[in-house]
Structure formats: structure tokens, C-alpha cells
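In this note's numbering, the protein residues as written are 96 to 414.
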């Protein structure tokens with residue numbers, strides 16, 4: 096997607112930047128593997144001794160849940176002395192390896208993300224979620240060298256009634272066990288989970304969870320400490336099951352704008368900040384990656400200019 100003149104910057108600015116580029120590229124490949132080296136800094140490719148175990152931390156690339164089907168995808172290990180390389184690699188992986196421009200929002204980690212509309216291949220309109228960090232991914236057709244941006248959305252491939260059934264089954268099991276009565280049924284208590292008329296699931300911090308209101312509706316069944324403990328564990332299991340059913344799709348910006356005419360979420364594209372008198376390799380990598388950001392933003396501007404899509408571009412601020 097990027098021109099050779101821009102990619103060549105990694106080789107033209109010295110051996111230090113060239114070596115860092117090679118290490119980052121190797122890390123990108125290693126993240127696709129299930130087997131990993133222990134005590135290895137994947138950003139420098141240096142392997143440490145067992146005694147350094149406490150100095151190795153695990154990080155994940157942004158938008159990983161939008162790119163990796165496996166929940167283990169997108170993780171990499173870094174020694175504490177090289178943590179300053181983490182934001183550089185995260186941006187490197189998104190842009191160079193995945194053709195993604197990250198659109199950051201001001202949605203807090205504990206707040207639900209917006210619900211938007213898309214049209215499925217069947218022609219049916221469906222409510223889906225965005226993410227706190229929205230992946231704007233560039234694709235090109237086989238017969239074309241022109242890359243156009245698509246926005247990532249996610250939805251749960253599980254009907255509400257199925258989720259309700261999962262919850263009812265868990266509640267029934269807990270109540271039977273706690274009452275030591277195999278014949279115990281849900282109709283033995285004055286409660287019907289189907290009476291809940293509000294949303295029962297939401298996406299918070301890039302994970303699907305049962306809404307607080309729905310969980311509260313469940314927890315009033317039995318105020319006992321035993322039930323509250325068991326239902327908390329059951330809810331964690333149900334939410335893990337829900338996240339395994341999470342689906343994603345990339346939607347052309349023109350379709351997104353057409354189906355969401357009132358969309359007005361402010362988004363930011365963030366340049367990497369660095370100190371001019373700091374580490375020279377970090378400075379050169381930061382400057383180069385910022386050039387890639389500007390190149391992607393220019394593609395979005397050209398793609399949306401003079402069309403109804405321009406209002407989507409106007410929601411993006413470069414900082």
C-alpha cells in the first residue's frame with residue numbers, strides 16, 4: 096500500500112533503523128505463532144536468562160480483537176529496558192503489516208461503545224458495535240493498485256433468546272445445587288428472565304459483556320452470599336462464551352455514512368511524540384512512522400473529498 100520511496104526510509108536512515116525494522120518485522124511474524132520463546136524480548140530478538148523472568152512483560156497490539164480470530168493473537172513480550180519501543184512497534188504493526196489507520200476515541204474503558212447500523216449481504220439492516228479504537232483498514236482490488244479505506248464493525252452471532260437460555264440454564268444449575276434438590280425448577284421462584292425488556296449485552300473495552308442492568312436483574316433472584324458468588328462465576332463463563340461468538344466485518348466508508356447519517360463521534364489520529372535530544376534510533380523510527388500516518392490520512396482525504404463521506408473525514412483530528 097505504501098510507495099517504495101516511503102518504505103525505503105527504513106533503510107536509508109542508517110543501520111540502526113534498518114536493524115530495528117528487521118526486528119519489528121520478525122516480531123510481526125512471531126506473533127502469528129502459538130509457540131513462543133520464554134524470556135525473549137521480541138522487539139530486539141534478545142533472549143534473556145531465567146533470572147530475568149520478572150523483567151519480561153506482555154503487551155498486545157491495538158485492534159487485535161479486530162484482526163485475530165484466536166484470543167492469543169497479537170501478543171508480544173518485551174524486556175523492561177525496551178518498553179519505550181512498545182508504542183513504536185504497535186503503530187508499525189498496524190500500518191506496515193495490517194494497512195490499518197487507528198482512529199482513537201474518547202470512550203472510557205468502562206463505557207459501552209456506540210451502536211451503529213450496517214447492511215448485511217442479505218440486505219437486512221443490523222445493529223453492530225464500533226470499538227474504542229476504530230480500525231480503518233485499506234484494501235485494494237486484485238485488478239487495482241488503489242487502496243480504499245473500510246471501517247471495522249463487530250456483532251454477536253447469537254440471538255437474544257439463546258443468551259437468555261444460557262443464563263437460565265446457569266441459574267437453574269446454581270439453584271438446584273444450592274437447594275440440594277434435583278427437582279428444583281425456575282418456576283419455583285417468582286422470576287421470569289424474559290420479562291427484562293432492555294438490552295442484555297453491550298461491548299465495553301472491546302469485549303462483550305452482559306449489561307449491568309441485566310446482571311442486576313439476575314442477582315436479585317437470591318440475595319444469599321452463596322448464590323452471589325456462584326452467579327458471578329457463571330456470568331464470567333457466559334461472557335467468555337459470548338466473546339467466542341463475536342464476528343467482525345469491514346464496511347466501505349460510503350456505506351457506513353449512508354446507513355449512519357447522524358454519526359458524529361469525534362476521532363483522533365495520534366502522531367508519535369519523541370524528544371529531539373533523546374535516543375536517535377527512536378527519533379528516526381518515530382519520524383518515519385509519522386510520515387506513514389500522514390500518507391494514510393492523505394489517502395482518506397482524497398477518497399472522501401467532494402462526497403458525502405467528507406463529513407466522516409471532518410470528524411478526524413490529527414494530534
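Positions of the beta carbon are idealized from the N, C-alpha and C atoms, including for glycine.
Per the coordinates, the alpha-carbon of residue 143 lies some 17 Å from the alpha-carbon of residue 180. Taking 9 Å as the cut-off, the beta carbon of residue 178 is found no closer than this to the beta carbon of residue 252. Taken in chain order, the unbroken stretches of alpha helix (DSSP H) that lie wholly in the region 128 to 178 and span 4 residues or more are 159 to 162. Residue 196 holds the alpha-carbon nearest to the alpha-carbon of residue 385 among 196, 162, 169, 305. Taken through DSSP and simplified to helix, strand or coil, residue 369 comes out as coil. Counting C-beta pairs closer than 8 Å gives three or more between the region 403 to 412 and the region 354 to 367, which meets the contact rule. In this structure residue 274 is exposed. Its beta-carbon is surrounded by fewer than 16 other beta-carbon atoms within 10 angstroms. Between residue 223 and the set 116, 140, 261, 298, the nearest pair of CA atoms involves 298.
Here DSSP, grouped into helix, strand and coil, assigns residue 257 to helix. Ranked by how close their Cα comes to the Cα of residue 376, the residues 96, 101, 110, 102 have 110 in first place. Linking residue 159 to residue 216 through their CA atoms gives a straight-line distance of about 25 Å.
Residue 98 carries a coil assignment under DSSP once its states are collapsed to helix, strand and coil. Residue 116 and residue 105 have their alpha carbons spaced roughly 7 Å apart.
The three-state secondary structure of residue 404, taken from DSSP, is coil.
The alpha-carbon separation between residue 347 and residue 246 amounts to approximately 6 Å.
Apart from sequence neighbours up to five positions away, the residues of its chain that approach residue 379 with a beta-carbon distance below 6 Å are 108, 112, ordered along the chain. Within the DSSP secondary-structure output, residue 207 pairs in a beta bridge with 299. In this structure, residue 242 keeps its C-beta atom at 9 Å or more from the C-beta atom of residue 187. Spatial neighbours of residue 209 in its own chain (CB-CB distance under 7 Å, excluding positions within 5 residues in sequence) are listed in chain order as 225, 360.
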